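Asks:
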Amino acid sequence: TTYDYPVPAVPSYEKTTIEAVYGTNWYVKAVGGDDANSGGTWETAKATLEGALTNALSGDVVTAAPGVYDCGKMIQKTKIYSAPTLYSRVVVPEGVILESSEGPEATVIMGKAADVDDDEWHNGVGALRCAIVEKNAVLRGFTLTGGRTLGNASGTSESDDNRGGGVYARNATSAVIEN
1289 TTYDYPVPAV PSYEKTTIEA VYGTNWYVKA VGGDDANSGG TWETAKATLE GALTNALSGD
1349 VVTAAPGVYD CGKMIQKTKI YSAPTLYSRV VVPEGVILES SEGPEATVIM GKAADVDDDE
1409 WHNGVGALRC AIVEKNAVLR GFTLTGGRTL GNASGTSESD DNRGGGVYAR NATSAVIEN
């Protein structure tokens, strides 16, 4: 959205354009996208969910085309324990909507097993959770699979890093997770 306003400080009172920085739509295509693109249209879509979510602000909508999203990693912004850090394939920031364009049958977020297994569930260092959903954020229309946590490698059972291999929504007031 753009707005044109006359600006008195401009000598000829020409109009200047101010572009809105809220309510932006971001587009992602696992096949055919490029994180160097702007992400503002399907033709200029990002390649990874991380590429769009890193730029998304509260009020933005990130829409993903069908595909398997198994690249990129993000970190939770706030943690309540100082254990080692578990990365997630995606972190849906506060107030952002992450949705698939064609539903969970066609759109997958893929976590990752540990580089070195710490337990029989393949948790440990190098593992990736599928998603973290922050306060007032929405995760809609994805299959989440293969996500893991740090498990015993976190050093404590009271850690954000060993909970929710598929999806984790700690302190996520009004978060929405749905198919």
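If you're matching positions, the sequence shown starts at 1289 in the working numbering and goes up one per residue.
Beta carbons are placed, not taken as given, at the ideal position from N, Cα and C, and that holds for glycine.
All values reported here derive from a predicted model rather than from experimental measurement.
1. In this structure, does DSSP put L1337 in helix, strand or coil?
2. Would you mind stating whether E1382 and G1360 have Cβ atoms separated by less than 8 Å?
3. For G1435, I'd like the list of residues in its chain whose CB is within less than 6 Å of its CB, leaving aside the five on either flank, ordered along the chain.
4. Determine the burial state of I1363: buried for a count of at least 16 other Cβ atoms within 10 Å of its Cβ, exposed for fewer.
5. Just how far apart, CA to CA, sit V1379 and I1397?
6. Looking at N1424: is its Cβ nearer than 8 Å to the Cβ of A1463?
7. What residues match up with L1438 in a beta bridge as DSSP calls it?
8. Determine the burial state of S1351: buried for a count of at least 16 other Cβ atoms within 10 Å of its Cβ, exposed for fewer.
Replies: Working from what's here:
1. helix
2. no
3. G1399, R1417, C1418, G1453, G1454
4. exposed
5. Between V1379 and I1397, the C-alpha separation is close to 12 Å.
6. yes
7. L1438 pairs with nothing; no bridge assigned.
8. The identity of residue 1351 in the sequence shown is Thr, whereas the question assumes Ser. Around the CB of T1351, 16 or more other CB atoms lie within 10 Å, so the residue is classed as buried.
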